[in-house]
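Chemist:
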Amino acid sequence: MSRPAHRRPEYHKINKDLFVLTYGALVAQLCKDYEKDEDVNKYLDKMGYGIGTRLVEDFLARSCVRRCHSYSEIIDIIAQVAFKMYLGITPSVTCNNSSRTEFSLILDKNPLVEFVEELPAGRSSLCYCNLLSGIIRGALEMVHLAADVTFLQDTLKGDRVTEIGITFLKKLDEKKYRRKK
Amino acid sequence: MADAALFEFLHTEMVAELWAHHSDPGPGGAAPASHLGPATFSLRRAAPPCIHCPGISDVPSLGLQHSGSSGHPKEIRASRLPSGHTISTCRHVDRHQGQKMSLSVLEGMGFRVGQALGERLPQETLAFREELDVLKFLCKDLWVAVFQKQMDSLRTNHQGTYVLQDNSFPLLIRMAAGLQYLEEAPKFLAFTCGLLRGALSTLGIKSLVTASVASLPTCKFQVVIQKT
Numbered sequence: 005m006s007r008p009a010h011r012r013p014e015y016h017k018i019n020k021d022l023f024v025l026t027y028g029a030l031v032a033q034l035c036k037d038y039e040k041d042e043d044v045n046k047y048l049d050k051m052g053y054g055i056g057t058r059l060v061e062d063f064l065a066r067s068c069v070r071r072c073h074s075y076s077e078i079i080d081i082i083a084q085v086a087f088k089m090y091l092g093i094t095p096s097v098t099c100n101n102s103s104r105t106e107f108s109l110i111l112d113k114n115p116l117v118e119f120v121e122e123l124p125a126g127r128s129s130l131c132y133c134n135l136l137s138g139i140i141r142g143a144l145e146m147v148h149l150a151a152d153v154t155f156l157q158d159t160l161k162g163d164r165v166t167e168i169g170i171t172f173l174k175k176l177d178e179k180k181y182r183r184k185k
Numbered sequence: 002m003a004d005a006a007l008f009e010f011l012h013t014e015m016v017a018e019l020w021a022h023h024s025d026p027g028p029g030g031a032a033p034a035s036h037l038g039p040a041t042f043s044l045r046r047a048a049p050p051c052i053h054c055p056g057i058s059d060v061p062s063l064g065l066q067h068s069g070s071s072g073h074p075k076e077i078r079a080s081r082l083p084s085g086h087t088i089s090t091c092r093h094v095d096r097h098q099g100q101k102m103s104l105s106v107l108e109g110m111g112f113r114v115g116q117a118l119g120e121r122l123p124q125e126t127l128a129f130r131e132e133l134d135v136l137k138f139l140c141k142d143l144w145v146a147v148f149q150k151q152m153d154s155l156r157t158n159h160q161g162t163y164v165l166q167d168n169s170f171p172l173l174i175r176m177a178a179g180l181q182y183l184e185e186a187p188k189f190l191a192f193t194c195g196l197l198r199g200a201l202s203t204l205g206i207k208s209l210v211t212a213s214v215a216s217l218p219t220c221k222f223q224v225v226i227q228k229t
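If you're matching them up, the sequences are chains A and B in order.
Going by our numbering, the residue at position 161 of the first sequence is 165; the numbering climbs one at a time, nothing skipped.
Going by our numbering, the residue at position 5 of the second sequence is 6; the numbering climbs one at a time, nothing skipped.
1. Could you tell me the boundaries of the beta strand (DSSP E) in which residue 109 of chain A lies?
2. Is the CB of residue 14 of chain B under 7 angstroms away from at least one CB in chain A?
3. So residue 147 of chain B contacts chain A; which residues on that side make the cut at Cβ distance below 9 angstroms?
4. Taking a Cβ distance cut-off of 8 angstroms, strictly less, list which residues of the region 78-101 of chain A are near chain B, in chain order.
5. If we count Cβ pairs, one from each stretch, closer than 8 angstroms, do we get three or more for the region 33-51 of chain A versus the region 62-70 of chain A?
6. Less than 7 angstroms separating the beta-carbons of residue 213 of chain B and residue 207 of chain B?
7. To the nearest angstrom, report how far apart residue 10 of chain B and residue 131 of chain B are at their CA atoms.
8. Given this structure, state the Cα-to-Cα distance separating residue 170 of chain B from residue 152 of chain A, to the nearest angstrom.
9. From residue 180 of chain B to residue 148 of chain A, what does the alpha carbon distance come to, in whole angstroms?
10. Looking at residue 103 of chain B and residue 190 of chain B, is the spacing between their C-beta atoms short of 7 angstroms?
11. What residues in its chain sit with their C-beta under 7 angstroms from that of residue 160 of chain A, if we drop five residues either side in the sequence?
12. Around the C-beta of residue 173 of chain A, are 16 or more other C-beta atoms found within 10 angstroms, so that it is buried, or is it exposed?
13. So what's residue 113 of chain B in DSSP terms, helix, strand or just coil?
14. Taking residue 15 of chain B as the reference, which of A:31, A:80, A:17 and A:21 has the closest Cα?
15. Under a Cβ-count criterion, where at least 16 other Cβ atoms within 10 Å of its own Cβ denotes burial, should residue 98 of chain A be classed as buried or exposed?
16. Whole angstroms is fine: what's the gap from residue 77 of chain A's alpha carbon to residue 105 of chain A's?
17. Could you spell out the range, first to last residue, of the beta strand (DSSP E) harbouring residue 167 of chain A?
18. What's the C-alpha gap between residue 122 of chain B and residue 74 of chain A?
19. Would residue 109 of chain A pass as a contact of residue 83 of chain A if the rule is Cβ separation under 7 angstroms?
20. Just to check my reading of the structure: residue 28 of chain A and residue 139 of chain A have Cβ atoms closer than 8 angstroms, yes? What is that Cβ distance to the nearest angstrom?
21. Please go through the region 129-161 of chain A and give each complete alpha helix (DSSP H) segment of 4 or more residues, from N-terminal end onward.
22. To test your reading of the DSSP string, which unbroken beta strand (DSSP E) runs of 3 or more residues are found completely within the region 128-175 of chain B?
23. Could you pull out every unbroken alpha helix (DSSP H) segment of at least 4 residues lying fully inside the region 8-93 of chain A, listed in chain order?
24. By alpha-carbon positions, which one of B:7, B:110, B:193 and B:156 ends up nearest to residue 134 of chain B?
25. Which chain B residues are close to residue 29 of chain A, counting only those with a beta carbon under 7 angstroms from its beta carbon?
26. May I have the straight-line CA-CA distance separating residue 115 of chain A from residue 95 of chain A, to the nearest angstrom?
27. Let me check understanding here. Comparing Cα to Cα, which of A:134, A:169 and A:129 lies closest to residue 52 of chain A?
28. Please classify residue 93 of chain A as buried or exposed, where buried requires at least 16 neighbouring CB atoms within 10 angstroms.
29. Measuring only the C-alpha atoms, how far is residue 145 of chain B from residue 210 of chain B?
30. For residue 12 of chain B, is the classification buried or exposed, using 16 other Cβ atoms within 10 angstroms of its Cβ as the cut-off for buried?
31. Using 7 angstroms as the limit for Cβ to Cβ distance, is residue 55 of chain A near chain B?
32. For residue 51 of chain A, which residues in chain C fall below 7 angstroms Cβ to Cβ?
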């Protein structure tokens with residue numbers, strides 16, 4: 005990638021807006037194409053999955069993450085490095101079970117919904133940010149980790165925060181797990 | 002830059018998925034079809050602009066050439082992509098209707114985003130004295146904001162037609178340089194054509210934006226101002 009020209013602060017914002025606005029146009033288009041919310045959600049997840057499988061390489065190339073030895077470390081990296089890198093926010097992390105396979109990422113501020121006031125009429129089950137769950141799932145799968153990713157709380161549905169639940173499905177096997185180069 | 006990366010990944014996925022979605026006869030994962038023969042893609046569209054590749058009509062006083070595309074048919078053929086290519090989900094169709102819809106869908110999305118971006122520009126940029134200033138602004142400031150680089154050249158016939166050339170367009174840069182993916186290139190330009198048209202619209206200019214590619218990653222955007 006060529007070296008970026010010197011950017012004024014407002015243009016930096018435009019660049020951030022570009023992704024959010026494009027995403028909004030995509031969701032709007034999918035709502036036109038599909039009548040059922042579940043279909044839109046599924047499609048967003050599928051697209052996110054496709055993006056995640058490629059994004060993980062981009063992420064590993066830009067960051068210098070160490071090899072992880074536990075699910076908690078992985079979740080911390082997702083929250084503190086990946087989210088910060090791509091979306092400019094750092095969600096907080098909670099662990100939801102004693103066996104430390106279920107976690108939540110709590111987003112006080114969700115940049116994806118910056119320009120969205122409320123869900124469109126008749127779209128109450130739309131999971132607007134479902135692309136994110138697909139991205140996380142796809143990225144984890146590329147490093148040989150199977151996980152379920154769902155939105156447990158959604159500000160567009162009246163919750164106070166956005167909460168993404170990540171449940172690792174297989175026991176982390178140290179011998180099998182290798183950081184993808 | 003990381004913040005540009007997300008947009009590029011999303012755009013790539015949109016090109017792959019919207020294309021497949023609007024072209025597939027039905028739901029479900031069909032295996033990619035083999036080469037189905039030429040699918041003529043014609044570009045008759047009344048109001049919104051059309052995207053055609055690779056040749057654009059010569060604007061005489063601009064002295065442009067077809068850049069090696071003479072003899073290349075003005076069609077987009079559905080063809081098999083080599084495996085391992087980043088666009089693994091592209092499907093292969095010979096449905097004329099499906100292809101037409103996909104490019105216009107992408108262009109329409111780009112238009113809405115371009116309009117919204119235009120509204121977010123710093124206020125002082127909105128007071129342009131002439132049309133040429135607006136185009137220069139697109140080539141420099143908008144392009145830098147969106148693609149982290151300036152447009153490489155801007156030419157005009159001073160009669161409302163402008164050709165903007167980018168020698169290493171970021172949305173084409175991940176594909177092999179040269180002619181290998183010439184036929185796929187228009188799909189990657191449709192959104193940006195709409196983006197330009199939308200930004201111009203917010204700046205008070207009605208236009209028709211088309212794109213052409215002679216050899217990746219160089220592409221040209223032709224902006225024709227519509228006089229009302």
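Every residue gets a Cβ at the ideal spot worked out from N, C-alpha and C, and that includes glycine.
Modeler: Working from what's here:
1. Working through the first sequence from its first residue, we reach residue 109 of chain A at position 105. Element bounds for residue 109 of chain A: 106-111.
2. Your numbering for residue 14 of chain B matches position 13 in the second sequence. Judged by the 7 angstroms Cβ criterion, residue 14 of chain B is in contact with chain A.
3. Walking along the second sequence from the start, residue 147 of chain B turns up at place 146. 15, 18, 19 and 22, listed in chain order.
4. 89, 90, 91 and 92
5. no
6. Taking the first residue of the second sequence as 1, we reach residue 213 of chain B at position 212. Taking the first residue of the second sequence as 1, we reach residue 207 of chain B at position 206. Contact: no.
7. If you number the second sequence from 1, residue 10 of chain B lands on position 9. If you number the second sequence from 1, residue 131 of chain B lands on position 130. When rounded, the distance between both Cα atoms is 36 angstroms.
8. As a first step, residue 170 of chain B is located in the second sequence; it is residue number 169 there, counting from the start. As a first step, residue 152 of chain A is located in the first sequence; it is residue number 148 there, counting from the start. Their backbone Cα atoms lie some 37 angstroms apart in a straight line.
9. Reading the second sequence from its first residue, position 179 is the one you call residue 180 of chain B. Reading the first sequence from its first residue, position 144 is the one you call residue 148 of chain A. Cα to Cα, the separation comes out at about 36 angstroms.
10. Residue numbering aside, residue 190 of chain B sits at position 189 when the second sequence is read from its first letter. Residue numbering aside, residue 103 of chain B sits at position 102 when the second sequence is read from its first letter. No. Outside cutoff.
11. To locate residue 160 of chain A, count along the first sequence from 1; it is residue 156. The residues are 117, 120, 122, 123 and 132.
12. Sequence index remark: in the first sequence, residue 173 of chain A carries index 169 (1-based). Residue 173 of chain A comes out exposed.
13. Within the second sequence, residue 113 of chain B is the residue found at index 112, counting from 1. Helix, per DSSP.
14. Locating residue 15 of chain B in the second sequence gives position 14, counting from the first residue. Measuring from the Cα of residue 15 of chain B, the nearest candidate turns out to be A:31.
15. By one-based count along the first sequence, residue 98 of chain A stands at place 94. Exposed, because fewer than 16 other Cβ atoms sit within 10 Å of the Cβ of residue 98 of chain A.
16. Taking the first sequence and counting its residues from 1, the one referred to as residue 77 of chain A is at position 73. Taking the first sequence and counting its residues from 1, the one referred to as residue 105 of chain A is at position 101. Answer to the nearest angstrom: the Cα atoms are 11 angstroms apart.
17. Taking the first residue of the first sequence as 1, we reach residue 167 of chain A at position 163. Note, residue 167 of chain A: beta strand (DSSP E), 166-172.
18. Walking along the second sequence from the start, residue 122 of chain B turns up at place 121. Walking along the first sequence from the start, residue 74 of chain A turns up at place 70. So the two alpha carbons sit approximately 45 angstroms from each other.
19. Here residue 109 of chain A refers to the residue found at position 105 of the first sequence. Here residue 83 of chain A refers to the residue found at position 79 of the first sequence. Cβ distance < 7 angstroms, so residue 109 of chain A and residue 83 of chain A count as in contact.
20. Taking the first sequence and counting its residues from 1, one reaches residue 28 of chain A at position 24. Taking the first sequence and counting its residues from 1, one reaches residue 139 of chain A at position 135. Going by Cβ atoms, the distance from residue 28 of chain A to residue 139 of chain A rounds to 17 angstroms, so no, they are not a contact pair.
21. 134-146
22. 154-157 and 162-167
23. As far as the region 8-93 of chain A is concerned, its whole alpha helix (DSSP H) runs of at least 4 residues are 13-37, 41-66, 75-81 and 87-91.
24. The sequence position of residue 134 of chain B within the second sequence is 133, counting from 1. Minimum Cα distance to residue 134 of chain B is reached at B:156.
25. As a position in the first sequence, residue 29 of chain A is number 25, starting the count at 1. By Cβ distance, chain B contributes 110, 113 and 114.
26. In the first sequence, residue 115 of chain A corresponds to position 111, counting from 1. In the first sequence, residue 95 of chain A corresponds to position 91, counting from 1. Each residue's alpha carbon lies about 12 angstroms from the other.
27. Indexing the first sequence from 1 puts residue 52 of chain A at position 48. Measuring from the Cα of residue 52 of chain A, the nearest candidate turns out to be A:134.
28. Position 89 of the first sequence, counting from 1, holds the residue named residue 93 of chain A. Label assigned to residue 93 of chain A: exposed.
29. Translated into the one-based positions of the second sequence, residue 145 of chain B becomes position 144. Translated into the one-based positions of the second sequence, residue 210 of chain B becomes position 209. When rounded, the distance between both Cα atoms is 19 angstroms.
30. Reading the second sequence from its first residue, position 11 is the one you call residue 12 of chain B. Buried: at least 16 other Cβ atoms inside 10 Å.
31. Sequence index remark: in the first sequence, residue 55 of chain A carries index 51 (1-based). True, the Cβ-Cβ gap to chain B drops below 7 angstroms.
32. Note that chain C does not occur in the displayed structure, where the protein chains are A and B.
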